[in-house]
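Visitor: Structure provided below as structure tokens; questions to follow.
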Amino acid sequence: MKVTTFGIKVWRWLSLVLVIAALVWTYSVFPQTVAVDFSDNGLAEKYLEKEHIFYIVMALFLLNNVLITGLARHIPNVDPMHLPILNKKVWAQHREELNEHLINWLYCLVAVINTIIGMSLFALATINSQQYKLDVFDFSWLYYAGLGLMIIVFLLPLRLLWTPTPEDKL
């Protein structure tokens, strides 16, 4: 197993724990109605019941972790000629490496989405807390961090533009 494959698998599992821990903790500390939308001056405009937030996050969590992970498990069964990649014939000869790239990419996508959901839940809990004096603008970095992570994940398949390098046999 390559280091990148191991790292992505560990990140995916840690992100699962992050979302579950964030969901349990935030559900216990949320008030009955949670501010979820804020005006330009930082005042809350829209509220949701904490149960609705729980169900929305659980739906996103299940869709992300079941559908995308299920798709990743079926990558080895797909004919490489039907995959939307360049140099299909060359990559078909290096099927194991192609599978690893595509599965790592999908697992990385799952990990990024889980990480963004977990961090967003913690930020939402902090904003709605009476204990902390932070407002919505203190978490503007979360938007940029999430956007940066998504851009990095969608740039990962660029590796498939180059043909695989042959391994040196000793």
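Numbered according to the numbering used here, the sequence shown spans residues 8 to 177. Idealized CB from N, CA, C, for every residue including glycine. If you're wondering where the values come from, they're calculated on a predicted model, not measured in any experiment.
#1: If we ignore side chains and look at the alpha-carbon of each, how far apart do A179 and D47 end up?
#2: Closest by CA to F45, which one among P38, L55, Y34 and L162?
#3: By DSSP's criteria, K53 is part of a beta bridge. Which residues make up the other side?
#4: Is the separation between the beta-carbon of I75 and that of L25 shorter than 9 Å?
#5: Across the stretch 27–47 and the stretch 122–138, are there enough close Cβ pairs to call them in contact, namely three or more that are closer than 8 Å?
#6: Do the CB positions of L113 and L78 come within less than 9 Å of each other?
#7: With a threshold of 16 other CB atoms inside 10 Å of the CB of V73, please say whether the residue is buried or exposed.
#8: Could you tell me whether the Cβ atoms of L90 and L69 are closer together than 9 Å?
#9: Within its chain, find whatever has a CB closer than 6 Å to the CB of I159; leave out the 5 residues flanking it on each side and keep chain order.
#10: What separation, rounded to the nearest whole angstrom, lies between the Cα atoms of D86 and Y151?
#11: Are P171 and E104 touching if we call contact CB-CB under 9 Å?
#12: What did DSSP end up calling T172 once you bin it into helix, strand or coil?
#13: Which term fits I27, buried or exposed, when burial requires 16 or more other beta carbons within 10 angstroms of its beta carbon?
Guide: According to the structure data:
#1: As shown, the chain starts at 8 and ends at 177. That puts residue 179 outside it, with no answer to give.
#2: Walking along the sequence shown from the start, residue 45 turns up at place 38. Comparing Cα positions, the closest option is L55.
#3: Start at 1 with the first residue of the sequence shown, and residue 53 comes out as number 46. In the DSSP output, where bridge partners are listed per residue, K53 has D44.
#4: Your numbering for residue 75 matches position 68 in the sequence shown. Your numbering for residue 25 matches position 18 in the sequence shown. The answer is no: Cβ separation not under 9 Å.
#5: yes
#6: Working through the sequence shown from its first residue, we reach residue 113 at position 106. Working through the sequence shown from its first residue, we reach residue 78 at position 71. Contact flag set, yes.
#7: Numbered from 1 along the sequence shown, position 66 holds the residue referred to as residue 73. Exposed is the call here.
#8: Here residue 90 is taken as the residue at index 83 of the sequence shown, counted from 1. Here residue 69 is taken as the residue at index 62 of the sequence shown, counted from 1. Cβ distance not < 9 Å, so L90 and L69 don't count as in contact.
#9: As a position in the sequence shown, residue 159 is number 152, starting the count at 1. Closer than 6 Å at Cβ, skipping near neighbours: no residue.
#10: Residue numbering aside, residue 86 sits at position 79 when the sequence shown is read from its first letter. Residue numbering aside, residue 151 sits at position 144 when the sequence shown is read from its first letter. One C-alpha to the other measures close to 37 Å.
#11: Position 164 of the sequence shown holds residue 171. Position 97 of the sequence shown holds residue 104. At a Cβ-Cβ threshold of 9 Å, P171 and E104 count as neighbours.
#12: Position 165 of the sequence shown, counted from the start, is the residue given in the question as residue 172. It is coil, neither helix nor strand.
#13: On the sequence shown, position 20 is the one that residue 27 refers to. That one is exposed.
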